[in-house]
Amino acid sequence: MYITGSNSELLAGELASLLSGRYVSFEIYPFSYREYCHFHAYEQNRGSFLEYIQSGALPDLFQLKDVDSRRLYMAAVKDTILLRDIIFRYSIKDARLLEDIFPYLVNTVSNLTSVSNLVNYFGSKNRRVNYETISHYIHYLETAFLVHRSVRYQIKGKEILSGTCKFYINDLSFRNYLYSGYGYDLGFLLENAVYLQLKVEGYQVYTGALRNGEIDFVAVKGDHILYLQIAVTVMDQQVYDREFGAFKTIDDNYEKFVVTLDKFAFLPLRA
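Residue numbers (the working numbering): 5 to 275.
See below:
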């Protein structure tokens, strides 16, 4: 028997007690880049990857050839999730606020943000909101798999930091077809795609905090750790120094990568 749902709390409460000890749960994400290429019989190259991150990875989208149809489909997906999995399930009192929080998080992908940031933002729009409500609504968006939270991880102290964090969307289709006016550059799309791929591969993904900077991703699976920096290109010397230089203060032997869209390979650096 398979039970599917688009809410991470599906197996909570009464259902959990009925199935206790007799089920295995796992998360299914939108198509990875490899699955996307396999479905379309594409070669894995820069062109197909750019198409992947600039379109989306929900399988039903592949049957829709024009942008307007895809936009309508994604609007229906978003509205269904908000209505069924959040508004009805949690008896949301301010549905408009919930609907406004989602595009805010889409707009701030890969940027450090906090609940206080949202409270201040909506307050500047003369909206009466409070910290607790915003916090709960963000949590509901996470349980419905619309967004994922990347908390800050202090690399030297090896501890989770509270306060600011980053959010990533579960599929770039939401940005590409619903909120494209926010002016993402390829860097945001690439970073979101790498985050999702790490999640697909079973990693816990954090934002690495350094004394004078950060590492885009600290990916942890068991006793294995990866450090990743994301940049569209490192052909500019200043960008190159910044991205590779971020690893110099990390005193361990775990693998460290800079992910770019450059066509050239770089020799590995040694500390």
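Positions of the beta carbon are idealized from the N, C-alpha and C atoms, including for glycine.
Take residue i as the anchor and find which of the options has the nearest alpha-carbon.
i       : options                              : result
Asp-175 : Met-78, Thr-8 and Asp-70             : Met-78
Gln-201 : Ser-154, Tyr-33 and Asp-70           : Tyr-33
Ser-36  : Ile-57, Gly-161, Tyr-94 and Lys-260  : Ile-57
Lys-170 : Phe-53, Ser-114, Phe-221 and Arg-215 : Ser-114
Asp-227 : Gly-206, Asp-89 and Met-239          : Gly-206
Leu-193 : Phe-149, Gly-60, Phe-92 and Val-133  : Gly-60
Lys-260 : Gly-161, Ile-234, Glu-13 and Gln-241 : Ile-234
Thr-117 : Phe-178, Gly-167, Gln-48 and Val-238 : Gly-167
Phe-251 : Val-81, Phe-268, Gln-241 and Asn-216 : Asn-216
Ser-12  : Phe-43, Ala-148, Tyr-27 and Asn-196  : Ala-148
Lys-162 : Asp-255, Cys-41, Asp-83 and Val-238  : Asp-255
His-4   : Asn-121, Gly-127, Met-239 and Pro-63 : Beyond the ends of the chain as shown, which are 5 and 275, falls residue 4; an answer cannot be given.
Arg-179 : Lys-129, Val-71 and Ala-45           : Val-71
Beta-carbon separation of residue i and residue j under 8 Å?
i       : j       : result
Arg-156 : Tyr-210 : yes
Tyr-141 : Ser-154 : no
Phe-248 : Val-236 : no
Ala-213 : Leu-165 : yes
Tyr-258 : Leu-232 : no
Tyr-125 : Tyr-108 : yes
Phe-221 : Val-243 : no
Leu-145 : Arg-75  : no
Leu-101 : Val-133 : yes
Ser-177 : Leu-65  : yes
Leu-190 : Arg-50  : no
Asp-89  : Ser-10  : yes
Val-119 : Tyr-135 : yes
Helix or strand or just coil, what does DSSP make of residue i?
i       : result
Glu-247 : helix
Asp-70  : coil
Val-113 : coil
Ala-275 : Because Ala-275 carries a pLDDT of 48, less than 50, the predicted location of this residue cannot be relied on, and the following value inherits that uncertainty. In this structure, Ala-275 counts as coil in the three-state DSSP scheme.
Asn-11  : coil
Met-78  : helix
Ser-24  : coil
Ile-91  : helix
Asp-98  : coil
Ala-197 : helix
Phe-268 : coil
Ile-254 : coil
Leu-62  : coil
Asn-134 : coil
Glu-146 : helix
Val-1   : The structure shown has nothing for residue 1, since the chain only spans 5 to 275.
Phe-30  : coil
May I ask you to list the residues that DSSP assigns as paired with residue i?
i       : result
Leu-230 : Ala-223 and Glu-259
Tyr-157 : Ile-164 and Gly-212
Glu-218 : Ala-213
Lys-170 : Ser-154
Pick out the complete alpha helix (DSSP H) segments inside the stretch 33 to 57, 4 residues or longer, and give them in chain order.
37 to 44
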